[in-house]
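A.B. asks: Pasting a structure below so you can have a look.
Residue numbers (this note's numbering), protein chains in the order written: chain W, 1 to 160; chain A, 1001 to 1308.
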């Protein structure tokens, strides 16, 4: 009898506890105002630098060079698209070419390593062969080698 | 793709006994070749070049290293790197955990929104981030024409504007550079940690609560231990990134005012002083510093292999 009573008690406590507390998974969405405001403050802190940049980008250059971007809020109609126009079309190096260059770098440097890695991973996972462990350790260990290591010899290599 | 197809065909033409033996190597060949050319070959050449003089013509032994360790600016760069290592990964993981945990308690829409905002800086290149933060730290001698947010606040509160990035006291400017780096990295930590927190089994948390554990205890003694492997992964990844840190320092101060780090010291030795020997020696020092992480990483992988 006492055992069942104790069990009932725990069950009741469990129910009340879950109701009171909030947390992961199914309890999501029950955040108190404290949690919400902390997240809000963090998000604002994280956004301020980017927003500052955005506002600076639509201000006239003399205004941007003499007053802080926050002064823009006093006169929000004073905006210009001249900066964007200049960057995209004007000057000796219009940005259009930069986009193309970025794409030529980004696409192969994403696809090729994934392809090579997929084949290597397949071999490591499904095939047994001599030197498997040693090779694997070499690959994993070399993950941390800094990029700078490759800069000097490779520039020489490509130069020749 | 074509290369693999050809390799595969070639191997299949071999007698079947040989086919199974050779196939794994054929699959690994491109990866090993790539690692060979882009990592091992350069590493060996770099070690060799570090023993040569500035244009790699005369063998000078350990002279480059002796010179470096007698150089105050390089020692200062080492101290800065150490500070970066001590402060940045831990802070990134702490912020990542905090935001992942708090955002997890919001409703689905709010959670997505909050996470997107925190993740946003990840999409900005480090040079871009440097530009953004240079705006924040910007300094104008004329008190009433501040364009930097930090000086704007200081002046609004009645203070004098400061040249933040030149404040060497307690290496305050290095701390400011770290803030910019942390700002970009927390999003990455948060995404991975959030996934780890969500995969913590609900019943273990429930069990903890039934036993009367406080929310803080549930977090530190149930959620964090189960998400620990992810915490370690994030920590190591950020740590490796921090050891190689270059862009932020280069774009914001170029290592002036005592903010130099190994990555930037290398760049200046290589392209500014055109001293191949010293540059290589700096890289070798960096490689040696990274060896413990390498060992740890290999051990971690081995442990995972055995478990899985």
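All C-beta atoms, glycine included, are put in the ideal place defined by N, C-alpha and C.
Find the residues of chain A that neighbour residue 99 of chain W, judging by a C-beta separation of less than 7 angstroms, and give them in chain order.
C.D. replies: Stepping through the first chain from its first residue, residue 99 of chain W is reached at position 99. Correct list: empty, because the minimum Cβ distance to chain A is about 14 angstroms.
A.B. asks: Could you give the distance in angstroms between the alpha-carbon of residue 1240 of chain A and the alpha-carbon of residue 1300 of chain A?
C.D. replies: In the second chain, counting from the first residue as 1, residue 1240 of chain A sits at position 240. In the second chain, counting from the first residue as 1, residue 1300 of chain A sits at position 300. Going from the Cα of residue 1240 of chain A to the Cα of residue 1300 of chain A covers about 15 angstroms.
A.B. asks: Is the beta carbon of residue 1119 of chain A closer than 8 angstroms to that of residue 1178 of chain A?
C.D. replies: Working through the second chain from its first residue, we reach residue 1178 of chain A at position 178. Working through the second chain from its first residue, we reach residue 1119 of chain A at position 119. No, Cβ-Cβ distance for residue 1178 of chain A and residue 1119 of chain A is not below 8 angstroms.
A.B. asks: In angstroms, rounded to a whole number, what distance separates the CA positions of residue 1233 of chain A and residue 139 of chain W?
C.D. replies: Within the second chain, the letter at position 233 stands for residue 1233 of chain A. Within the first chain, the letter at position 139 stands for residue 139 of chain W. Linking residue 1233 of chain A to residue 139 of chain W through their CA atoms gives a straight-line distance of about 17 angstroms.
A.B. asks: Less than 8 angstroms separating the beta-carbons of residue 1238 of chain A and residue 1092 of chain A?
C.D. replies: Against the second chain, residue 1238 of chain A aligns to sequence position 238. Against the second chain, residue 1092 of chain A aligns to sequence position 92. Closer than 8 angstroms, so yes.
A.B. asks: Take every Cβ of the stretch 1111 to 1118 of chain A, pair it with every Cβ of the stretch 1196 to 1215 of chain A, and state whether three or more of those distances are shorter than 8 angstroms.
C.D. replies: no
A.B. asks: When burial is assigned at 16 or more other CB atoms within 10 Å of the CB, is residue 113 of chain W buried or exposed?
C.D. replies: If you number the first chain from 1, residue 113 of chain W lands on position 113. With fewer than 16 Cβ atoms within 10 Å of its Cβ, residue 113 of chain W is classed as exposed.
A.B. asks: Should residue 26 of chain W be labelled buried (16 or more other beta-carbon atoms within 10 Å of its own) or exposed?
C.D. replies: Counted from its first residue, the first chain places residue 26 of chain W at position 26. Residue confidence for residue 26 of chain W is low, a pLDDT of 46 falling below 50, so the modelled location carries little weight; the figure read from the coordinates is stated next. The residue in question, residue 26 of chain W, is exposed, as its Cβ has fewer than 16 Cβ neighbours within 10 Å.
A.B. asks: By the DSSP assignment, the alpha helix (DSSP H) with residue 82 of chain W in it spans what residues?
C.D. replies: Residue mapping note: residue 82 of chain W aligns to position 82 of the first chain, counting from 1. It spans 82 to 89 - the alpha helix (DSSP H) in which residue 82 of chain W sits, taken as one unbroken run.
A.B. asks: Under DSSP, the alpha helix (DSSP H) around residue 1242 of chain A begins and ends at which residues?
C.D. replies: Within the second chain, the letter at position 242 stands for residue 1242 of chain A. Segment 1224 to 1243, the alpha helix (DSSP H) holding residue 1242 of chain A.
A.B. asks: For chain A, find out if any of its Cβ atoms is closer than 8 angstroms to the Cβ of residue 81 of chain W; answer yes or no.
C.D. replies: As a working note, residue 81 of chain W is residue 81 in the first chain. No, its Cβ sits nowhere closer than 8 angstroms to a Cβ of chain A.
A.B. asks: Given a limit of 9 angstroms on CB to CB distance, which residues of the stretch 1100 to 1112 of chain A reach chain W?
C.D. replies: 1101, 1102, 1103, 1104, 1105, 1106, 1107, 1108, 1110, 1111
A.B. asks: Straight-line CA distance for residue 72 of chain W to residue 78 of chain W?
C.D. replies: The residue labelled residue 72 of chain W in the question sits at position 72 within the first chain. The residue labelled residue 78 of chain W in the question sits at position 78 within the first chain. So the two alpha carbons sit approximately 8 angstroms from each other.
A.B. asks: Helix, strand or coil for residue 77 of chain W per DSSP?
C.D. replies: Taking the first chain and counting its residues from 1, the one referred to as residue 77 of chain W is at position 77. Correct three-state label for residue 77 of chain W: coil.
A.B. asks: From the beta carbon of residue 1162 of chain A, is the nearest beta carbon of chain W less than 8 angstroms away?
C.D. replies: Within the second chain, the letter at position 162 stands for residue 1162 of chain A. Chain W, which has no Cβ nearer than 8 angstroms to the Cβ of residue 1162 of chain A, makes this no.
A.B. asks: How would you write the range of the alpha helix (DSSP H) that residue 1194 of chain A sits in, first residue to last?
C.D. replies: Translated into positions along the second chain, residue 1194 of chain A becomes position 194. For residue 1194 of chain A, the uninterrupted alpha helix (DSSP H) run begins and ends at 1172 to 1198, by DSSP.
A.B. asks: Please work out which residues of its chain come closer than 7 angstroms, Cβ to Cβ, to residue 1293 of chain A, disregarding the five sequence neighbours upstream and downstream, and give them in chain order.
C.D. replies: Here residue 1293 of chain A refers to the residue found at position 293 when the second chain is read from its first residue. Excluding sequence neighbours, residue 1293 of chain A sits near 1236, 1239, 1240.
A.B. asks: DSSP three-state label for residue 1052 of chain A, please.
C.D. replies: If you number the second chain from 1, residue 1052 of chain A lands on position 52. Residue 1052 of chain A falls in the strand class under three-state DSSP.
A.B. asks: Verify the CB distance criterion: does residue 55 of chain W have a CB-CB separation below 8 angstroms to chain A?
C.D. replies: Working through the first chain from its first residue, we reach residue 55 of chain W at position 55. Taking a beta-carbon distance threshold of 8 angstroms, residue 55 of chain W does not count as an interface residue toward chain A.
A.B. asks: Can you look up residue 129 of chain W in the DSSP assignment and give me helix, strand or coil?
C.D. replies: Numbered from 1 along the first chain, position 129 holds the residue referred to as residue 129 of chain W. Correct three-state label for residue 129 of chain W: coil.
A.B. asks: Please list, in chain order, the residues of the stretch 1034 to 1047 of chain A that have any C-beta partner in chain W closer than 7 angstroms.
C.D. replies: 1034, 1035, 1038, 1039, 1041, 1042, 1043, 1045, 1046
A.B. asks: Looking at C-beta atoms only, is the number of pairs between the stretch 1258 to 1272 of chain A and the stretch 1100 to 1109 of chain A that lie closer than 8 angstroms three or more?
C.D. replies: no
A.B. asks: Any residues in the stretch 1087 to 1101 of chain A with a beta carbon nearer than 7 angstroms to a beta carbon of chain W? Which ones, in chain order?
C.D. replies: 1099
A.B. asks: Taking the C-alpha atoms as reference points, what is the distance between residue 1283 of chain A and residue 1022 of chain A?
C.D. replies: Residue mapping note: residue 1283 of chain A aligns to position 283 of the second chain, counting from 1. Residue mapping note: residue 1022 of chain A aligns to position 22 of the second chain, counting from 1. Cα to Cα, residue 1283 of chain A sits roughly 37 angstroms from residue 1022 of chain A.
A.B. asks: Please list, in chain order, the residues of the stretch 1134 to 1158 of chain A that have any C-beta partner in chain W closer than 8 angstroms.
C.D. replies: 1135, 1136, 1145, 1146, 1147, 1148, 1149, 1152
A.B. asks: Would you check if there are 3 or more beta carbon pairs closer than 8 angstroms linking the stretch 1031 to 1042 of chain A to the stretch 1241 to 1257 of chain A?
C.D. replies: no
A.B. asks: Give a yes or no on whether the C-beta atoms belonging to residue 1154 of chain A and residue 1193 of chain A are separated by under 8 angstroms.
C.D. replies: Sequence index remark: in the second chain, residue 1154 of chain A carries index 154 (1-based). Sequence index remark: in the second chain, residue 1193 of chain A carries index 193 (1-based). Contact: no.
A.B. asks: Is it buried or exposed for residue 65 of chain W, if we count other Cβ within 10 angstroms and need 16 for buried?
C.D. replies: Looking up residue 65 of chain W in the first chain gives position 65. In this structure residue 65 of chain W is exposed. Its beta-carbon is surrounded by fewer than 16 other beta-carbon atoms within 10 angstroms.
A.B. asks: In this structure, what does DSSP give as the bridge partners for residue 1059 of chain A?
C.D. replies: Residue 1059 of chain A sits at position 59 when you count from the first residue of the second chain. In DSSP, residue 1059 of chain A forms a bridge with A:1052.
A.B. asks: Quick one: give me the first and last residue of the alpha helix (DSSP H) that residue 1202 of chain A is part of.
C.D. replies: Reading the second chain from its first residue, position 202 is the one you call residue 1202 of chain A. Residue 1202 of chain A -> alpha helix (DSSP H) spans 1202 to 1210.
A.B. asks: Using 10 angstroms around the beta-carbon of residue 150 of chain W, count the other beta-carbons present and answer buried if the total reaches 16, otherwise exposed.
C.D. replies: Here residue 150 of chain W is taken as the residue at index 150 of the first chain, counted from 1. Residue 150 of chain W is buried by the Cβ-count criterion.
A.B. asks: DSSP state of residue 1152 of chain A, grouped into three classes?
C.D. replies: Along the second chain, read from residue 1 onward, the residue named residue 1152 of chain A stands at position 152. DSSP places residue 1152 of chain A in helix when its eight states are reduced to three.
A.B. asks: Are the C-beta atoms of residue 1049 of chain A and some chain W residue less than 8 angstroms apart?
C.D. replies: Working through the second chain from its first residue, we reach residue 1049 of chain A at position 49. It does: the Cβ of residue 1049 of chain A has a partner Cβ on chain W nearer than 8 angstroms.
A.B. asks: I'd like to check one pair, residue 1051 of chain A with residue 1058 of chain A: are the Cβ atoms closer than 8 angstroms?
C.D. replies: For this step, residue 1058 of chain A is matched to residue 58 along the second chain. For this step, residue 1051 of chain A is matched to residue 51 along the second chain. Result no, Cβ atoms of residue 1058 of chain A and residue 1051 of chain A do not sit closer than 8 angstroms.
A.B. asks: Given a threshold of 16 other Cβ atoms within 10 Å of its Cβ, counted over all protein chains shown, does residue 1244 of chain A qualify as buried or as exposed?
C.D. replies: Here residue 1244 of chain A refers to the residue found at position 244 when the second chain is read from its first residue. Buried, since its Cβ has 16 or more Cβ neighbours within 10 Å.
A.B. asks: Put residue 1139 of chain A into one of helix, strand or coil per three-state DSSP.
C.D. replies: Taking the first residue of the second chain as 1, we reach residue 1139 of chain A at position 139. Taken through DSSP and simplified to helix, strand or coil, residue 1139 of chain A comes out as coil.
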